[in-house]
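Okay, so here's the structure we're looking at.
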Amino acid sequence: MTSGSFLLFHRGGGLWGIDSGQVVRIGPGPAPGETGAATDGETLRVELAGAAGPVVLAADRVEGVVAGLAVRPLSTALRTFWPETGCGVALYSGRPVILLDPLHLPLPLVASGGPDA
Amino acid sequence: MEPHNSPETRPAPSAGHLLVRVGEQICAVPVGAVRRVVRALTVHPLPGARAELAGLAEFAGEPLPVLDLGRLIGAPIGPHPLFPVTVVVWSRTADGREAIGLAADEALEVVDLSASSWLPAAGFLVGEALVGDQVVRVLDPDQLGGGS
Chain H
1 MTSGSFLLFH RGGGLWGIDS GQVVRIGPGP APGETGAATD GETLRVELAG
51 AAGPVVLAAD RVEGVVAGLA VRPLSTALRT FWPETGCGVA LYSGRPVILL
101 DPLHLPLPLV ASGGPDA
Chain X
118 MEPHNSPETR PAPSAGHLLV RVGEQICAVP VGAVRRVVRA LTVHPLPGAR
168 AELAGLAEFA GEPLPVLDLG RLIGAPIGPH PLFPVTVVVW SRTADGREAI
218 GLAADEALEV VDLSASSWLP AAGFLVGEAL VGDQVVRVLD PDQLGGGS
């Protein structure tokens, strides 16, 4: 299965993708010492809207926007050992990408506006 | 402990098993479930994953979840294990089968294990067997995919 376009970004050692139609802004993360500043390498913030509502994801680096990814469903083993939810998984330049479900974003990726914010 | 005699929890007794070392522990994987043994795949971690999931890798043009075999079987491992090999296994699921990587230290040999002498075990293990004087933990790959 192929899908629309995704914004790919790096975070926590993984490569993640979010439907680019959900993205309204990419901006710098909080400066060191600023309230909410991350200490784990976060340099960018990806603001989402649409179905996801106002949510901000933390990102280390943006890879770009790509289309035509061959999306597979999350395997049973992945769902067993990774308690989060995703729309699927794909490869980009030989590297696995988890495609995020805007309605169920993994908490470790959310900078603000998530379910617990 | 008494030998494990529950037939519904035991795979076919005639199957050979690949012995795989992880740390000081030896694990046995049914040969029929082994797809390939390769040099360690590059694994990308997933934040929030259970400790058993090392991360995702690419194998044969597909995304592959890679599990830490030592954690799966409860083997003591050092603080910075290298896991130079990845054993790619098939795991049966409700929909068919899927590939899973097992990060390990080395693949040793194929042996025939007599299931009638296995001792019971829990979790992803179907039993423990003796090979020489070594206790071998027998993994059921189908449990990893929620099938069997």
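Residue numbers (the numbering used here), protein chains in the order written: chain H, 1 to 117; chain X, 118 to 265.
Even for Gly, the Cβ is constructed at its ideal location relative to N, Cα and C.
- Of all C-beta pairs linking the segment 243 to 251 of chain X to the segment 151 to 158 of chain X, fewer than three are shorter than 8 Å, placing the two stretches out of contact.
- Within the DSSP bridge table, the entry for H/Ile-18 names H/Leu-7 as partners.
- Distances from the CA of H/Pro-108 to each of H/Val-56, H/Leu-7, H/Val-24 and H/Asp-19 were compared; the closest alpha carbon is that of H/Val-56.
- A contact is defined here as three or more CB-CB pairs under 8 Å, and the segment 174 to 184 of chain X meets this definition with respect to the segment 59 to 79 of chain H.
- Out of X/Ala-145, X/Gly-165, X/His-134 and X/Ala-150, the CA that lies nearest to the CA of X/Arg-209 is found in X/Ala-150.
- In this structure H/Ala-90 is not in contact with H/Val-62, their Cβ atoms being roughly 17 Å apart against a cut-off of 8 Å.
- Inter-residue distance for X/Ala-174 and X/Trp-207 is about 15 Å (C-alpha atoms, whole angstroms).
- Annotated as distal: X/Leu-256 and X/Val-148, with beta-carbon spacing of 8 Å or more.
- In the structure shown, X/Asp-212 falls within a coil segment according to DSSP collapsed to helix, strand and coil.
- The DSSP-derived three-state label of X/Gly-172 is strand.
- Contact annotation: in the segment 62 to 80 of chain H, residues whose CB is within less than 7 Å of a CB in chain X are Arg-72, Ser-75, Thr-76, Ala-77, Leu-78 and Thr-80.
- The beta carbon of H/Leu-15 falls within 8 Å of a beta carbon belonging to chain X, placing the residue at that interface.
- Of the candidates X/Ile-194, X/Val-252 and X/Gly-165, X/Val-252 places its Cα closest to the Cα of X/Ser-234.
- Counted as a single uninterrupted DSSP element, the stretch harbouring H/Asp-60 is not any beta strand (DSSP E), since DSSP gives it neither H nor E.
- When DSSP states are grouped into helix, strand and coil, H/Arg-72 belongs to the strand group.
- For X/Ala-221, the number of other beta carbons within 10 angstroms of its own is at least 16, and it is reported as buried.
- Around H/Asp-101, the same chain offers Thr-85, Gly-86 and Cys-87 as residues with beta carbons nearer than 7 Å, after the five sequence neighbours per side are excluded.
- Separation of H/Phe-81 and X/Pro-164 (C-alpha to C-alpha, rounded to the nearest whole angstrom) is 11 Å.
- The beta-carbon of X/Ile-194 is placed no less than 8 Å from the nearest beta-carbon of chain H.
- In terms of Cα proximity to X/Thr-203, the closest of X/Arg-214, X/Ala-224, X/His-197 and X/Gly-191 is X/Ala-224.
- Chain order gives no chain H residues near X/Pro-147, where near means a beta carbon separation below 9 Å; the closest approach is about 16 Å.
- Here X/Val-139 is buried, its C-beta having at least 16 other C-beta atoms within 10 Å.
- Bridge partners of X/Ala-220 according to DSSP: X/Asp-185 and X/Thr-203.
- With respect to the C-alpha of X/His-197, the residue from X/Phe-176, X/Ile-190, X/Val-228 and X/Ala-171 having the closest C-alpha is X/Ala-171.
- Boundaries for H/Leu-103: no alpha helix (DSSP H) harbours it, and the DSSP string shows neither H nor E there.
- In this structure, DSSP gives X/Asp-259 a helical state, which the three-state scheme calls helix.
- Secondary structure at X/Leu-230: coil, using DSSP grouped into helix, strand and coil.
- CA-to-CA, the gap between H/Tyr-92 and X/Glu-169 works out to about 24 Å.
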